[in-house]
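S.K.: Numbering (my numbering), first residue to last: 3 to 266.
Every residue, glycine too, gets a C-beta built ideally from N, C-alpha and C.
Handing you this structure, nothing more for now.
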Amino acid sequence: MDVNEYIASGILELYVAGQLSEKENSEVYTLAMEHPEIAAEIESIEAAVLDLARTAAPSQKPEFESLKNRLPLQEDTKVVTIAKKDTNWTAYLGWAASLLLALGLFWVYNQNSELKSRIEVANQENRKLEQQIAESDTSLEKSRTLLQTIRDKDITVVPLGGQKVSPESYAKAYWNKKEQKVFIDAQGLPDPPDGMVYQVWSLKVDPLTPTSMGILEDFVSDDNKVFALANPNDSEAFGITLEPAGGSVSPNLEQLYALGAVSS
3 MDVNEYIASG ILELYVAGQL SEKENSEVYT LAMEHPEIAA EIESIEAAVL DLARTAAPSQ
63 KPEFESLKNR LPLQEDTKVV TIAKKDTNWT AYLGWAASLL LALGLFWVYN QNSELKSRIE
123 VANQENRKLE QQIAESDTSL EKSRTLLQTI RDKDITVVPL GGQKVSPESY AKAYWNKKEQ
183 KVFIDAQGLP DPPDGMVYQV WSLKVDPLTP TSMGILEDFV SDDNKVFALA NPNDSEAFGI
243 TLEPAGGSVS PNLEQLYALG AVSS
């Protein structure tokens with residue numbers, strides 16, 4: 003028999019509490035006589051209960067036998083005990099109740115933590131959904147504005163064709179002279195390399211005079227690739243070049259990606 007495993011089984015606590023049958027009590031008694039470790043553990047349990055009893059009710063003298071008589075023992079059960087001191091089991095039962103209460107509180111704490119975690123996940127999902135709705139609304143508004151611009155009878159549409167550096171590139175400018183605004187549809191341009199941006203130029207042809215209209219901000223993250231720029235200039239053509247981040251004072255014609263003339 004593994005003595006340590008037997009001690010850890012909890013049967014000695016039930017033995018001290020008088021909750022075993024006569025046969026079980028006899029078995030524990032016999033084993034305690036054969037194994038000093040078991041006898042020592044029984045005495046240790048009794049001592050611990052006595053300490054708890056003194057702490058809970060220092061003015062009361064522990065009365066083990068009288069309390070044992072009040073416990074719901076099995077009928078006709080004879081408790082076989084090792085010579086031991088009188089013990090007040092009220093404190094022991096109180097300790098057991100406290101342990102159960104602690105376990106209950108721990109379970110409630112875990113449940114509460116899990117509930118809070120689920121609520122936080124739900125809140126995060128709600129915030130994400132709200133953001134998606136807001137972005138959808140913004141995108142829808144931009145689409146409506148673009149459609150209104152395209153359908154305006156005063157709009158000038160300027161196709162911008164790909165140039166030597168990128169012949170497959172293309173773009174389109176929707177110029178509302180009355181509102182001095184240009185919408186650049188840059189869907190046909192490749193994503194710019196890191197540290198580079200597309201810059202749009204209003205051009206006078208003779209002599210060639212470029213005027214910056216601005217850069218295409220957040221090009222990679224913009225899904226519809228449509229950008230609104232102010233254009234108070236008397237433009238004869240529009241060009242798009244690739245420039246260092248922040249833009250340039252004058253265009254780098256070696257990095258001219260798209261160019262188109264305004265029809266007369």
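Between E238 and V207, which are expected to be in contact by the criterion C-beta below 8 Å, what is the C-beta distance as a whole number of angstroms?
M.R.: 5 Å
S.K.: So what's K227 in DSSP terms, helix, strand or just coil?
M.R.: coil
S.K.: Just how far apart, CA to CA, sit I121 and Q189?
M.R.: 41 Å
S.K.: DSSP has L162 in a bridge; who is on the other side?
M.R.: As computed with DSSP, L162 is found in a beta bridge with A173.
S.K.: So V184 is in the beta strand (DSSP E); what residue range does that whole segment cover?
M.R.: For V184, the uninterrupted beta strand (DSSP E) segment begins and ends at K183 to D187.
S.K.: Could you please give me the residues that DSSP links to P246 through a beta bridge?
M.R.: M198
S.K.: Would you report the Cα separation of L191 and S223, rounded to the nearest angstrom?
M.R.: 14 Å
S.K.: Using the C-alpha atoms, what's the distance from L14 back to V30?
M.R.: Cα to Cα, the separation comes out at about 8 Å.
S.K.: When you compare only the Cα positions, how much space is there between V264 and E127?
M.R.: So the two alpha carbons sit approximately 48 Å from each other.
S.K.: Just list the residues that DSSP pairs T213 with in beta bridges.
M.R.: S204
S.K.: Leaving out five residues on either side along the sequence, give the residues of the same chain with a beta carbon under 8 Å from the beta carbon of E245.
M.R.: M198, V199, Y200, Q201, I217, P253, N254 and Q257
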